[in-house]
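Below is one structure; the comments refer to it alone.
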Amino acid sequence: MLARIGVPRALLYYKYYPWWKSFFEELGFQVVVSCPTNKALLVAGVAAASDETCLPVKAFYGHVLDLKDRVDYLFIPRMISVEKKTYTCPKFLGLPDIIRGIDGLPPIIETQVNRREGCLAPLRAYYRTGEELLEQEEYSGERVRESFGRLWRALWKAERRLRHCQKLMTSRGMTFPQALQQLENRDGKKRETSGKEEGPKQKNGSTKARCRIGLIGHGYNIYDSYVSKDILHCLEVMGASVWTADMVSPRAIHRQMARLPKDPFWSYEREVLGAAFYFLEREEVDGIIQIVSLACGPDSMIAEMVYRQARRKGDIPYMLLTIDEHSSEVGVVTRLEAFLDMIHRGRKG
């Protein structure tokens with residue numbers, strides 16, 4: 014029977030899941046994902062986490078609790094740095110440690126990803142993880158030595174799968190869930206474009222009268238429909254065409270960040286900020302909505318920078334939407350309706 018590795022459907026699941034799934038399955042393990050966020054799951058997570066924790070981490074607790082009795086291992090990487098001279102959110106650095114406070118957990122796979130140790134450091138970390146897992150699954154020494162090629166092949170396939178997912182988002186204007194579904198349906202069958210585009214292309218079926226919204230924020234705040242109060246669906250129903258930060262290429266983000274006197278220290282906030290600046294500069298959207306979670310320090314600083322840049326531009330409306338476990342869907346919908354009404358009135362005027 015294949016060992017089951019649990020992946021919580023939260024936080025960096027919305028960024029790296031294609032990579033993780035491909036890697037572990039190529040090594041012969043079964044990947045089990047927690048159920049989508051719901052009320053019971055979030056209530057359990059809120060009860061297990063400390064009060065000062067942000068909503069996405071509280072949701073992560075709930076997903077861990079959902080998995081703990083169904084898997085042989087829990088995959089909770091320690092993401093220290095994913096880019097040169099940057100760090101991730103402090104909670105990502107200590108995520109495996111704070112989760113260990115939950116009783117009755119299976120063994121935690123704690124891959125330490127630290128790009129500051131060199132450009133190949135993340136790959137070496139995953140290689141060691143795969144090697145240790147194969148050893149724990151009672152592989153003989155000879156079989157482990159033979160697995161050298163298998164491990165590097167798994168790394169290569171995982172990297173290729175993640176890049177395919179990213180290309181679907183940047184070149185074809187897909188959201189992460191749409192790109193993931195495309196990958197599941199036979200990897201898109203090689204229908205992607207050349208990948209030279211820097212930002213999102215015009216949505217199919219959209220017209221000049223359709224309101225274009227740049228929705229910026231972390232994937233786990235946007236794509237988790239329960240956490241975000243299904244903001245993507247709400248905007249679509251209201252007649253808006255939505256572009257997210259994931260649809261902006263890394264090259265375009267780097268170009269925007271190069272204009273700052275100093276780069277932000279946090280990799281993922283850097284991506285959000287670069288996407289916001291891209292939308293503001295290109296003026297291809299009618300408004301920008303930034304979604305952040307309460308009690309997130311890095312997000313609060315980035316939100317202030319986006320707000321100031323939007324004020325300097327002056328011609329693109331900007332709205333900050335802060336969410337926590339007490340946020341109501343009605344309140345979010347009301348603010349979205351008011352924001353879109355303001356944009357429509359401005360266009361008519």
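Using our numbering, the first residue of the sequence shown is number 14, and each one after it goes up by one.
Yeah, the Cβ is synthetic: ideal placement off N, Cα and C, and Gly gets one too.
Given the structure is predicted, the values throughout are model-derived calculations rather than measurements.
Helix, strand or coil, according to DSSP, for Gly232 in the structure here?
Here residue 232 refers to the residue found at position 219 when the sequence shown is read from its first residue. Gly232: helix per DSSP, three-state reduction.
Is it a yes or a no for the region 122-138 touching the region 173-188, going by three-plus beta-carbon pairs under 8 Å?
Touching, no.
Contact under 8 Å by Cβ, Pro31 with Arg174:
Indexing the sequence shown from 1 puts residue 31 at position 18. Indexing the sequence shown from 1 puts residue 174 at position 161. Taking 8 Å as the Cβ cut-off, Pro31 and Arg174 qualify as a contacting pair.
For Cys336 versus Asn234, is the C-beta spacing smaller than 8 Å?
Counted from its first residue, the sequence shown places residue 336 at position 323. Counted from its first residue, the sequence shown places residue 234 at position 221. Sequence check: residue 336 is Ile here, not Cys. Yes. Within cutoff.
Does DSSP put Gly24 in a helix, a strand or coil?
Translated into the one-based positions of the sequence shown, residue 24 becomes position 11. Reading off the sequence shown, one finds Leu at residue 24, where the question assumed Gly. In this structure, Leu24 counts as coil in the three-state DSSP scheme.
Residue from Gln322, Leu307, Val45, Ser262 whose Cα sits closest to the Cα of Pro69:
Here the question's residue 69 lines up with position 56 in the sequence shown. When only C-alpha atoms are compared, the closest one is Leu307.
I need the boundaries of the beta strand (DSSP E) containing Tyr86, first residue and last residue.
Translated into positions along the sequence shown, residue 86 becomes position 73. Residues 86-88.
How about Ser94 and Arg141: are their beta carbons less than 8 Å apart?
Counting from 1 along the sequence shown, the entry for residue 94 is found at position 81. Counting from 1 along the sequence shown, the entry for residue 141 is found at position 128. Cβ atoms of Ser94 and Arg141: not closer than 8 Å.
Which one of Trp279, Asp276, Arg264 has the shortest CA to CA distance from Tyr291?
Counted from its first residue, the sequence shown places residue 291 at position 278. Checked all of Trp279, Asp276, Arg264; the closest Cα to Tyr291 is Arg264.
Length of the line joining the Cα atoms of Trp279 and Leu147
Here residue 279 refers to the residue found at position 266 when the sequence shown is read from its first residue. Here residue 147 refers to the residue found at position 134 when the sequence shown is read from its first residue. Rounded to the nearest angstrom, the two C-alpha atoms are 33 Å apart.
Evaluate Gln149 with the Cβ neighbour count: other Cβ atoms within 10 Å of its Cβ, from every protein chain shown; 16 or more gives buried, anything less gives exposed.
Working through the sequence shown from its first residue, we reach residue 149 at position 136. Exposed, by the Cβ-count rule.
Near the ligand ADP: Gly162 beta-carbon under 7 Å from a heavy atom
The ligand content of the structure shown is nil, which means the ligand ADP is not present either.
Less than 8 Å between the C-beta atoms of Asp259 and Ala23, yes or no?
Numbered from its first residue, the sequence shown carries residue 259 at position 246. Numbered from its first residue, the sequence shown carries residue 23 at position 10. No. Outside cutoff.
Assuming contact is defined by CB atoms lying nearer than 8 Å, are Gly287 and Ile266 in contact in what I supplied?
Sequence index remark: in the sequence shown, residue 287 carries index 274 (1-based). Sequence index remark: in the sequence shown, residue 266 carries index 253 (1-based). Yes.
Distance, Lys326 Cα to Ile121 Cα:
Stepping through the sequence shown from its first residue, residue 121 is reached at position 108. Stepping through the sequence shown from its first residue, residue 326 is reached at position 313. Each residue's alpha carbon lies about 47 Å from the other.
Taking only the alpha-carbon atoms, compute the straight-line gap between Cys144 and Glu284 and give it to the nearest angstrom.
Numbered from 1 along the sequence shown, position 131 holds the residue referred to as residue 144. Numbered from 1 along the sequence shown, position 271 holds the residue referred to as residue 284. In the sequence as presented, Cys is not what sits at residue 144; that position holds Glu. Whole-angstrom Cα-Cα distance: 32 Å.
Are the CB atoms of Cys247 and Leu333 within a distance shorter than 8 Å?
Start at 1 with the first residue of the sequence shown, and residue 333 comes out as number 320. Start at 1 with the first residue of the sequence shown, and residue 247 comes out as number 234. With contacts defined by Cβ atoms closer than 8 Å, Leu333 and Cys247 do not form a contacting pair.
What residue does the alpha helix (DSSP H) around Val2 start on, and which one ends it?
The structure shown does not extend to residue 2, since the chain spans only 14 to 362, so no value can be given for it.
With burial defined as no fewer than 16 other Cβ atoms inside 10 Å of the residue's Cβ, what is the status of Glu282: buried or exposed?
To locate residue 282, count along the sequence shown from 1; it is residue 269. The residue in question, Glu282, is buried, as its Cβ has 16 or more Cβ neighbours within 10 Å.
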